[in-house]
Amino acid sequence: MGKKNIFLLLCITTIAFVNAQEQINLEQAIALTIANNPQIKQAEASRLASTASIEKAKANYYPQLTANSGYTRLDPTGYVPFPTAQGIQDFAFIPIDNYNLNLELNINIYDFGRTNTGVKLAENGEETADVSLLRTKQELAFATIQIYYQIHFLQEAIKVQNKQIEAFNITLTQTKKLQENGEATNYEIMTTEVKVSSASDRLLDLQTDLSNAFIQLIQLTGQENIDTEKLVNNWLKIESPNALTTNINITNRPEFKLSELQTENATLQELLARRNFNPYLSANLQGGYKNAIQPDINLLQLNYVATAQLTIPLFNGFKNKASLKEAKALKDASDFNLENTSNQLEAEVKQAIENLNNSYQKIERSNLQVTQAEQAAELARLKYKNGVITNLDLLDAEIALSQSEINKLNTIFNYTLNTYRLRKAMGINLY
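For the sequence shown, counting from 1, position 113 maps to 306 in the working numbering; every step adds exactly one.
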């Protein structure tokens, strides 16, 4: 079974699964995006249009057949007097009413490569549409990956924030009990309540961000019935970047292929501009019925006309010269664009490797920071219970713990996205 059929089967299976279960994993979300997103359908329609352009360009290989009919009234037509046995009579060579019914065949015998070049340009357009479709799929797949892991990050961050609020509320309860015993002040209670309020505001912001992220996921996948509570989320396995292939090979990137095709298009345009200086040979054949034929000019008679024509362009106001100059300049521009694209893509791979290394190194440090913050918070709770520190010290320890956990989540999130960015930069399919 071909790759295209396998992917189509995956899309159909995924759609049926989502409709039945209302939950999806990352691979299914990407498949839904590729199957439903309007940008894909737009790119596919453009591809069909480019295919039709090839057929249109090849039409010049074939004769062009048309049916014509015409009527002309000419009055006066003029006449010539001729002496006859009956005396002088007027003879007309052109009838007043002229009729013409014919089939006309125009044949392009030889145009010195104009049609061939036009067909190659159309084929270049079809290949460009194919690569553009691949690029659109890659971009949408990466967008789906970004929003999918953003949802996972926000869900985990909300858990951390809820845990912080719970810890603050425990501290608030303890502080109120201490106040009853005269061991805490109203200021300490107010400070704790402010911390709870601020943490609740941050929780609300995270929940709003999560709702907006789900809206984006629905927009990408085209699935309104996604159960936001049943997304199958898992972080990527943390691996050393050295385990990933880091050979820079940008030739698989759709952007590089598009630049190559643009250069090829410019080369063909220059060739076409040169061929406009060449002559072209054509033929015309007409056959049908018309009057105005001697000896009976009023009788419709079968007739034909055949012509061959060689057209040599001599002067057209320097149009061909200007077109060639323009084509050469565009060819040079496309060459520079290919070089620039190559440099940009190579830099993108190198930057992706650096970013991935950076996020990988931060993960180990973030684990250490969380461990230290957990121990510090546990110690602060014990000290506060024994009256060694104030509730402000305890609140600071709880905040430090939450921040370290959020930082760890953010580091893992960045590692995950940087891994996919490197794959995308190296031209590895994400769908």
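No residue lacks a Cβ here, since even glycine has one placed at the ideal position from N, Cα and C.
**Request:** Throw me the rounded Cβ distance for the Q354 and N426 pair, which I believe falls under 8 angstroms.
**Result:** The C-beta distance from Q354 to N426 rounds to 17 angstroms, too long to fall under 8 angstroms, and the pair is not in contact.
**Pairwise C-alpha distance: P506 and I490** = Taking the Cα positions, I490 is about 39 angstroms away from P506.
**Asked** Starting from V273 and walking both ways along the beta strand (DSSP E), at which residues does that stretch end?
**Response** According to the DSSP assignment, V273 belongs to the beta strand (DSSP E) that extends over V273 to T277.
**Asked** Taking all protein chains shown into account, do 16 or more other C-beta atoms lie within 10 angstroms of the C-beta of T534, making it buried, or fewer, making it exposed?
**Response** Taking every protein chain shown into account, the CB of T534 has 16 or more other CB atoms within 10 angstroms, so this residue is buried.
**Request:** Keeping to the same chain, check which residues put their C-beta closer than 6 angstroms to that of N600; ignore five residues upstream and five downstream.
**Result:** Only S559 meet the Cβ criterion.
**Prompt:** Per DSSP, what kind of secondary structure is F200 in: helix, strand or coil?
**Reply:** Confidence at F200 is low in this model, with a pLDDT of 45, below 50, so its placement is unreliable and the value that follows should be read with caution. It is helical.
**Request:** Counting only runs of 4+ residues fully inside the segment 475-540, write out the alpha helix (DSSP H) ranges in chain order.
**Result:** Listed in chain order, the alpha helix (DSSP H) runs fully inside the segment 475-540 amount to none, counting runs of at least 4 residues.
**Prompt:** CB K330 to CB F361, shorter than 7 angstroms?
**Reply:** Between K330 and F361, the C-beta gap is not smaller than 7 angstroms, which leaves the two residues out of contact.
**Prompt:** Mind checking V581: buried by the 16 CB within 10 Å criterion, or exposed?
**Reply:** When all chains shown are included, V581 counts as exposed.
**Asked** Distance, Cα to Cα, I382 vs S391?
**Response** Taken atom to atom, the span from the alpha-carbon of I382 to that of S391 is near 14 angstroms.
**Prompt:** F179 lies in the beta strand (DSSP E); which residues open and close that run?
**Reply:** It is not possible to answer for residue 179, since the shown part of the chain is limited to 194 through 624.
**Request:** Check each candidate in N471, A466, I556 and Y497 and name the one with the smallest Cα separation from A515.
**Result:** Checking every option, the nearest Cα to that of A515 belongs to A466.
**Prompt:** Which class does R266 belong to by DSSP, given the choice of helix, strand or coil?
**Reply:** Collapsing the DSSP output to three states places R266 in a strand.
**Message:** What does the alpha-carbon distance come out to for the pair F346 and I605?
**Reply:** F346 and I605 have their C-alpha atoms spaced approximately 9 angstroms apart.
**Message:** Among I358, L549, N229 and N458, whose alpha-carbon lies nearest the alpha-carbon of N435?
**Reply:** Comparing alpha-carbon positions, the option among I358, L549, N229 and N458 lying closest to N435 turns out to be L549.
**Prompt:** Given that a residue counts as buried once 16 or more other Cβ atoms are within 10 Å of its Cβ, and exposed if not, what is I443?
**Reply:** The residue is buried, with at least 16 neighbouring Cβ atoms inside 10 Å.
**Prompt:** From N611, T500, L225 and L314, pick the residue whose C-alpha is nearest to that of A245; which is it?
**Reply:** When only C-alpha atoms are compared, the closest one is L314.
**Request:** Could you please give the first and the last residue of the uninterrupted beta strand (DSSP E) stretch that includes I289?
**Result:** Per DSSP, I289 belongs to no beta strand (DSSP E) and is neither H nor E.
**Request:** Since I believe A499 is in contact with I626 (beta carbons under 8 angstroms), could you give me their beta-carbon distance rounded to a whole number of angstroms?
**Result:** Residue 626 is absent from the structure shown; the chain starts at 194 and stops at 624.
**Asked** Under three-state DSSP, which class holds N622?
**Response** In this structure, N622 counts as coil in the three-state DSSP scheme.
**Message:** If you measure between the beta carbons of E297 and N261, is that distance less than 7 angstroms?
**Reply:** Contact flag set, yes.
**Asked** In chain order, what residues of the same chain lie with their CB nearer than 8 angstroms to the CB of I411, ignoring the 5 residues before and after it?
**Response** Excluding positions up to five away in sequence, the list reads E417 and I419.
**Message:** Rounded to the nearest angstrom, what separates D528 and T456 at their Cα positions?
**Reply:** When the Cα atoms are used, D528 and T456 turn out to be separated by approximately 6 angstroms.
**Request:** Note down, in chain order, each residue of its chain lying with its Cβ closer than 6 angstroms to the Cβ of L531, except the 5 sequence neighbours on either side.
**Result:** S452 and T456, listed in sequence order.
**Asked** So, helix, strand or coil for T378, using DSSP?
**Response** Here T378 sits in coil by DSSP.
**Prompt:** Would DSSP call Y303 helix, strand or coil?
**Reply:** If DSSP states are grouped into helix, strand and coil, Y303 belongs with the strands.
**Item:** Reduced DSSP secondary structure (H/G/I, E/B, other) of Y341
**Value:** Assignment of Y341 by DSSP, reduced to helix, strand and coil, places it in the helix class.
**Request:** Report the three-state DSSP secondary structure of N261 (helix, strand or coil).
**Result:** In this structure, N261 counts as strand in the three-state DSSP scheme.
**Request:** Under the assumption that L587 contacts R574 (Cβ atoms under 8 angstroms), give the Cβ distance between them as a whole number of angstroms.
**Result:** Going by Cβ atoms, the distance from L587 to R574 rounds to 6 angstroms, so yes, they are a contact pair.
**Item:** 7 angstroms CB neighbourhood of A336 in its chain, flanking five on each side removed
**Value:** Cβ neighbours of A336 beyond the five flanking positions: L413.
**Asked** Does any CB atom of chain B fall closer than 7 angstroms to the CB of Q562?
**Response** This model lacks chain B altogether, as it is built from one protein chain only.
**Request:** Could you name the residues that DSSP lists as bridge partners for L298?
**Result:** Within the DSSP bridge table, the entry for L298 names L258 and L478 as partners.
**Straight-line Cα distance separating E237 from Q214** = Legend: pLDDT at Q214 = 47, less than 50; position of this residue unreliable, value from coordinates given subsequently. Each residue's alpha carbon lies about 29 angstroms from the other.
**Inter-residue spacing [alpha-carbon to alpha-carbon] between E591 and L399** = The straight-line gap from Cα to Cα measures roughly 19 angstroms.
**Message:** Assuming contact is defined by CB atoms lying nearer than 7 angstroms, are A459 and E541 in contact in what I supplied?
**Reply:** By the CB criterion at 7 angstroms, A459 and E541 fall outside the cutoff.
**Message:** To the nearest angstrom, how far is the alpha carbon of N611 from that of A334?
**Reply:** The alpha-carbon of N611 is positioned some 14 angstroms away from that of A334.
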